[in-house]
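Everything in the sequence shown is counted per UniProt numbering, starting at 1 for the first residue and increasing by one. Heads up, the beta-carbon is just placed ideally off N, CA and C, and yes, glycines get one too.
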Amino acid sequence: MAKSKENFERRTYGRKIRIYDANLEVVDLWLGYLKKNSVWGVGVKANLYKQEPLSVTSDMNKFSDGESTLSDVTASLDALTKENSNNPVAKRVLELLEDPAFAKHLSPEQLKEVQAKSESL
């Protein structure tokens, strides 16, 4: 008696949905709903793309020309130390900013601000 063998075929189907000018919160909610209510064995893949305005190239050129990217150090440190002066994250950020590897990218004024802030903590 011959043995019988069953052959199964695997098929993959793809669907693409493009959403333009959507609110990111709505898209996140929708993707969460799809993930929660998906059928077993059906995979869902989502690629999110965000469109930037045309002025983004001029902003990128500023950084490539050597402009300091740490221009708002004071405001950032104030935000970290605002609620709690013993904030361990703020202390670690100050330690890193005082490190010579980071300090070389700061202007002398910014370096003085960082040193003054670290002394106040």
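Taken in chain order, the unbroken stretches of alpha helix (DSSP H) that lie wholly in the UniProt domain "Small ribosomal subunit protein uS10" (2-46) and span 4 residues or more are 24-36. L77 sits close to L94, with the two beta carbons spaced by under 9 Å. C-alpha of R10 to C-alpha of K16: approximately 20 Å in a straight line.
Here K35 is not near V26, since their CB atoms are 9 Å or more apart.
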